[in-house]
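Participant:
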Amino acid sequence: MSSGATGARARTMPARRALPAVVRDTHRALVEAGNWSGGEVVRIGLGVSRPYLVTDPAHVQEVLQDRAATYPRGDDTALWRSVRKLVGDGILAEGEVWAASRRTLAPLFRPTRVEAMVDAMADSIGTAVDALDAVADAGTTVDIGHELSRIVCASIMRLFFADRIPVDDALRIMAAQETVVTAMAPRLLVPFLPWWFPVPGDRRFHAAVQAIDDILLPVLRAALRDPGAGDDVLSTLARARTADGRPLGEKQLRDDLVAMVGVSTETSYVALTWLWPVLAGQPEVADRLYDEIDRVVAGGPVRAEHLPDLVYTRSVLDELLRLYPAGWILPRRAAADDVLGGVRIPKGATVILSPYVTHRMPRWWGETAESFDPDRFAPGRAGADGRHRYAYYPFGAGMHRCLGEHLFTLEAVLIVATLLSRFRFTLADPRVPDPRVATSLRPARAVRLTVRRVSPSTRRPEPARGVR
Ligand code: HEM
59 MSSGATGARA RTMPARRALP AVVRDTHRAL VEAGNWSGGE VVRIGLGVSR PYLVTDPAHV
119 QEVLQDRAAT YPRGDDTALW RSVRKLVGDG ILAEGEVWAA SRRTLAPLFR PTRVEAMVDA
179 MADSIGTAVD ALDAVADAGT TVDIGHELSR IVCASIMRLF FADRIPVDDA LRIMAAQETV
239 VTAMAPRLLV PFLPWWFPVP GDRRFHAAVQ AIDDILLPVL RAALRDPGAG DDVLSTLARA
299 RTADGRPLGE KQLRDDLVAM VGVSTETSYV ALTWLWPVLA GQPEVADRLY DEIDRVVAGG
359 PVRAEHLPDL VYTRSVLDEL LRLYPAGWIL PRRAAADDVL GGVRIPKGAT VILSPYVTHR
419 MPRWWGETAE SFDPDRFAPG RAGADGRHRY AYYPFGAGMH RCLGEHLFTL EAVLIVATLL
479 SRFRFTLADP RVPDPRVATS LRPARAVRLT VRRVSPSTRR PEPARGVR
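Using our numbering, the first residue of the sequence shown is number 59, and each one after it goes up by one.
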């Protein structure tokens with residue numbers, strides 16, 4: 059419906075019900091609010107702020123795609139304000155600056171370019187995974203999130219940053235980003251507080267942003283002095299020109315660089331961290347996954363030619379992003395009065411879209427919505443269940459749709475197939491952790507596990523070694 063039309067007032071979940079639930083368990087509270095709404099657009103009473111929650115896939119399409127101009131990211135939603143403090147104005151912003159960044163960066167992520175890199179990516183992943191041999195020998199437990207961040211960095215830094223950012227520096231950036239996304243949490247819970255009002259976490263936040271700049275600015279300045287002819291992110295940014303032929307300003311380049319280092323690493327490793335507790339609780343899924351990888355990769359190394367046959371692996375990852383979408387919340391700000399699903403949305407209102415909530419609602423996914431079932435994504439099944447296209451949107455939709463979607467789908471299969479062709483993992487605590495409140499969907503505690511090699515002859519895990 060277009061703006062100017064009249065609509066009804068939204069039903070509101072009162073603060074006395076919503077607020078304690080959000081403080082206790084934000085993710086669960088939002089899913090419950092989605093179920094309570096029955097798919098209608100509703101307001102959630104959070105005291106001073108009362109955002110609109112949008113869960114119907116048809117409304118998601120209207121906000122992110124059909125009327126995206128009416129629903130920009132908005133500087134003043136708590137999440138985007140926090141993100142903007144780190145990445146400034148560039149690919150994660152709006153308007154002209156965003157459009158220029160998107161035009162510059164999009165060619166790097168074209169499917170043909172990404173596909174041409176698969177074998178090189180597989181080599182980098184294979185080398186990074188070698189380090190787990192020592193862990194298997196020692197029999198110690200490791201934080202798989204940390205291992206995955208190392209593996210993802212190795213695969214991305216070489217191909218997208220032409221090794222201009224050493225993996226050790228990239229890991230220091232990721233540690234600082236970790237501080238940034240978790241230090242922002244208090245602000246997500248009290249979105250109405252102005253930035254000048256100090257909250258716990260602010261000092262850590264500013265120190266982490268400074269640490270990221272200290273690493274990246276010298277690298278950026280070196281690239282500006284000598285952009286080279288390469289088609290990596292840094293060379294491409296350093297050669298970029300405005301519509302009237304001027305180089306982009308250092309501030310915009312810095313913002314794009316920080317954003318690209320962040321989004322290309324953080325979401326991917328965080329998403330893959332959820333896999334291990336999920337497999338621990340689903341032995342039959344795990345066995346099918348091991349069987350497929352053993353059959354197709356036959357001990358490794360994983361190559362581009364294996365990808366088309368790793369069909370079940372793909373379905374497992376699709377299902378993983380359904381229940382654990384790294385980009386779990388996508389806030390928008392209404393730039394004009396509008397009517398959405400018959401409900402009036404006034405100019406200036408905060409509108410919350412959440413793949414996490416829509417993906418878990420029985421209304422769109424049936425009674426088993428919250429159980430892990432990769433067969434939902436089996437070839438031939440997609441669309442057969444009559445679901446709306448945006449019942450599943452882990453990569454967003456419309457003009458801001460994720461640039462790295464194709465890259466992630468290939469990279470994730472390579473990482474999982476490489477790890478499981480060589481190792482089996484036993485979790486210290488097999489329960490799936492709760493998510494913590496942060497800009498991306500992260501486990502509330504580290505996922506720690508032990509590693510055993512798979513015997514090349516029997517394809518069974520070798521006995522555990524060493525002591526914890
Ligand atoms: C599990 C992996 C990933 C998930 C779940 C994910 C999810 C998303 C989502 C939901 C958005 C839309 C944000 C919005 O509408 O406000 C987005 C945007 C974006 N993603 Fe990803 N992403 C992933 C990996 C990546 C990777 C690997 C890259 C780059 C190498 C990347 C680059 C981007 C960029 C540049 C944008 C902003 C696009 C724009 O505003 O024009 N993402 N991503």
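Cβ coordinates follow ideal geometry from the N, Cα and C atoms, glycine included.
Being a predicted model, the structure only gives us computed values, none of them experimental.
(1) Quick one: Cα of A522 to Cα of G148, how far?
(2) What are the boundary residues of the beta strand (DSSP E) that L166 is part of?
(3) Alpha carbon to alpha carbon, how far is D313 from R171?
(4) Closer than 8 Å by C-beta to R526: which residues in its own chain qualify, once you throw out the five before and the five after it? Chain order, please.
(5) Give, in chain order, every unbroken run of the beta strand (DSSP E) that is at least 3 residues long and sits entirely within the segment 438 to 524.
(6) For a test of the three-state rule: what should DSSP assign to M71, helix, strand or coil?
(7) Of the choices F167, G103, E324, whose alpha-carbon is the least far from that of C211?
(8) With 16 other CB atoms within 10 Å as the buried threshold, where does R69 fall?
(9) Using the C-alpha atoms, what's the distance from L411 back to P404?
(10) How about T476 and V187: do their beta carbons lie closer than 7 Å?
(11) Could you spell out where the beta strand (DSSP E) holding I403 opens and where it closes?
(12) What do you reckon, is the C-beta of V505 under 6 Å from a heavy atom of the ligand HEM?
(13) What's the call for V81, buried or exposed, on a 16-neighbour Cβ count within 10 Å?
(14) Roughly how many angstroms separate the alpha carbons of P432 and Q119, rounded to a whole number?
(15) Hey, how far is the Cα of A502 from the Cα of A151?
(16) For a test of your reading of the model: does the CB of R418 fall under 6 Å from any non-hydrogen atom of the ligand HEM? Yes or no.
(17) Please work out which residues of its chain come closer than 8 Å, Cβ to Cβ, to N93, disregarding the five sequence neighbours upstream and downstream, and give them in chain order.
(18) Can you find a heavy atom of the ligand HEM that lies under 6 Å from the Cβ of L388?
(19) Give the range of the alpha helix (DSSP H) segment to which Y370 is assigned.
(20) Closer than 8 Å is the cut-off here; do at least three beta carbon pairs connect the segment 388 to 397 with the segment 331 to 338?
(21) Report yes if the C-beta of F263 is less than 6 Å from at least one heavy atom of the ligand ADP; otherwise report no.
(22) Consult DSSP for L306 and reduce its assignment to one of helix, strand or coil.
(23) Please list, in chain order, all residues of the same chain as A76 whose beta carbon is under 8 Å from its beta carbon, the five residues on each side excluded.
(24) Let's test the definition: count the other Cβ atoms within 10 Å of the Cβ of D396 and tell me whether it reaches 16, buried, or not, exposed.
(25) What is the rounded straight-line gap between the Cα of R161 and the Cα of A220?
(26) State the DSSP-derived secondary structure class of T237, mapped to helix, strand or coil.
(27) To the nearest angstrom, how far is the alpha carbon of P72 from that of G97?
(28) So is the beta-carbon of V216 under 6 Å away from any non-hydrogen atom of the ligand HEM?
(29) In this structure, how does DSSP classify A66 when only helix, strand and coil are distinguished?
(30) Just the Cα atoms here: how many angstroms apart are V106 and E342?
(31) What span of residues does the beta strand (DSSP E) with I410 cover, start to end?
(32) When DSSP labels each residue in this structure, what does S429 get in the three-state scheme?
(33) Following the continuous alpha helix (DSSP H) through V360, name the residue where it begins and the one where it ends.
(34) Where A281 and A265 are concerned, what is the direct C-alpha to C-alpha distance, given to the nearest angstrom?
(35) Going by DSSP in three states, L150 sits in which element: helix, strand or coil?
(36) Does Y536 come out as helix, strand or coil in the three-state DSSP assignment?
Facilitator: In short, the structure shows the following:
(1) On the sequence shown, residue 522 is found 464 positions in, with the first residue counted as 1. On the sequence shown, residue 148 is found 90 positions in, with the first residue counted as 1. Between the alpha carbons of A522 and G148 lies a distance of about 48 Å.
(2) Along the sequence shown, read from residue 1 onward, the residue named residue 166 stands at position 108. It is not in any beta strand (DSSP E) - L166 carries neither H nor E in the DSSP assignment.
(3) As a working mapping, residue 313 is identified with position 255 in the sequence shown. As a working mapping, residue 171 is identified with position 113 in the sequence shown. Cα to Cα, the separation comes out at about 24 Å.
(4) Numbered from its first residue, the sequence shown carries residue 526 at position 468. Annotation note: pLDDT 43 at R526 (below 50); position unreliable, no value reported.
(5) The qualifying runs are 481 to 485, 506 to 511.
(6) Taking the first residue of the sequence shown as position 1, residue 71 is located at position 13. Three-state DSSP puts M71 in a strand.
(7) Sequence index remark: in the sequence shown, residue 211 carries index 153 (1-based). Out of F167, G103, E324, the CA that lies nearest to the CA of C211 is found in E324.
(8) Taking the first residue of the sequence shown as position 1, residue 69 is located at position 11. Classification for R69: exposed.
(9) Position 346 of the sequence shown, counting from 1, holds the residue named residue 404. Position 353 of the sequence shown, counting from 1, holds the residue named residue 411. If you take the alpha carbons of P404 and L411, they lie about 16 Å apart.
(10) Mapped onto the sequence shown, residue 476 falls at position 418. Mapped onto the sequence shown, residue 187 falls at position 129. Yes, the Cβ-Cβ distance between T476 and V187 is below 7 Å.
(11) Counted from its first residue, the sequence shown places residue 403 at position 345. Under the DSSP assignment, I403 falls in the beta strand (DSSP E) whose first and last residues are 401 to 403.
(12) As a position in the sequence shown, residue 505 is number 447, starting the count at 1. No; taking the cut-off as 6 Å, the Cβ of V505 has no heavy atom of the ligand HEM nearer than that.
(13) Numbered from its first residue, the sequence shown carries residue 81 at position 23. V81 is exposed by the Cβ-count criterion.
(14) On the sequence shown, position 374 is the one that residue 432 refers to. On the sequence shown, position 61 is the one that residue 119 refers to. In a straight line, the C-alpha of P432 is about 24 Å away from that of Q119.
(15) Here residue 502 corresponds to residue number 444 of the sequence shown, with the count starting at 1. Here residue 151 corresponds to residue number 93 of the sequence shown, with the count starting at 1. Looking at the backbone, the Cα of A502 and that of A151 are separated by about 28 Å.
(16) Position 360 of the sequence shown holds residue 418. False, no ligand heavy atom lies under 6 Å from that Cβ.
(17) By 1-based counting over the sequence shown, the position of residue 93 is 35. Sequence-distant Cβ neighbours of N93 in its own chain, meaning closer than 8 Å and more than five residues away, are M419, P420, R421.
(18) Residue numbering aside, residue 388 sits at position 330 when the sequence shown is read from its first letter. Yes; taking the cut-off as 6 Å, the Cβ of L388 has a heavy atom of the ligand HEM nearer than that.
(19) Counted from its first residue, the sequence shown places residue 370 at position 312. In the DSSP assignment, Y370 falls within the unbroken alpha helix (DSSP H) covering 369 to 381.
(20) Taking a cut-off of 8 Å for Cβ pairs, the segment 388 to 397 and the segment 331 to 338 do not touch, as fewer than three such pairs fall below it.
(21) Because the ligand ADP does not appear in the structure shown, any question about it cannot be addressed here, the ligands present being the ligand HEM.
(22) As a working mapping, residue 306 is identified with position 248 in the sequence shown. It is coil, neither helix nor strand.
(23) Numbered from 1 along the sequence shown, position 18 holds the residue referred to as residue 76. Its chain contains A87, A91, I102, G103, L104 as the residues whose beta carbon lies nearer than 8 Å to that of A76, once the 5 sequence neighbours on both sides are disregarded; these appear in chain order.
(24) Locating residue 396 in the sequence shown gives position 338, counting from the first residue. Per the 10 Å Cβ criterion, buried.
(25) For the purposes of this step, residue 161 is taken as the residue at position 103 of the sequence shown. For the purposes of this step, residue 220 is taken as the residue at position 162 of the sequence shown. Straight-line measurement puts the Cα of A220 at about 20 Å from the Cα of R161.
(26) Walking along the sequence shown from the start, residue 237 turns up at place 179. Three-state result, T237: helix.
(27) Against the sequence shown, residue 72 aligns to sequence position 14. Against the sequence shown, residue 97 aligns to sequence position 39. Rounded to the nearest angstrom, the gap between the Cα atoms of P72 and G97 is 17 Å.
(28) Translated into positions along the sequence shown, residue 216 becomes position 158. It should be pointed out that residue 216 corresponds to Arg in this sequence rather than to Val. Result no, Cβ not under 6 Å from the ligand HEM.
(29) Here residue 66 refers to the residue found at position 8 of the sequence shown. Looking at A66 - three-state DSSP - the assignment turns out to be strand.
(30) Working through the sequence shown from its first residue, we reach residue 106 at position 48. Working through the sequence shown from its first residue, we reach residue 342 at position 284. Those two C-alpha atoms are separated by around 47 Å.
(31) As a first step, residue 410 must be located in the sequence shown, where it is residue number 352. From DSSP, the beta strand (DSSP E) with I410 extends over 408 to 411.
(32) What you label residue 429 is simply residue 371 of the sequence shown in a count that begins at 1. Looking at S429 - three-state DSSP - the assignment turns out to be coil, as it is neither helix nor strand.
(33) The residue you call residue 360 lines up with position 302 of the sequence shown. Note, V360: premise wrong, no alpha helix (DSSP H); not H, not E.
(34) For this step, residue 281 is matched to residue 223 along the sequence shown. For this step, residue 265 is matched to residue 207 along the sequence shown. Looking at the two C-alpha atoms, the distance is approximately 25 Å.
(35) Counting from one through the sequence shown, the residue named residue 150 turns up at place 92. Of the three classes helix, strand and coil, the one that applies to L150 here is coil, per DSSP.
(36) This structure cannot speak to residue 536, because the chain is shown only from 59 to 526.
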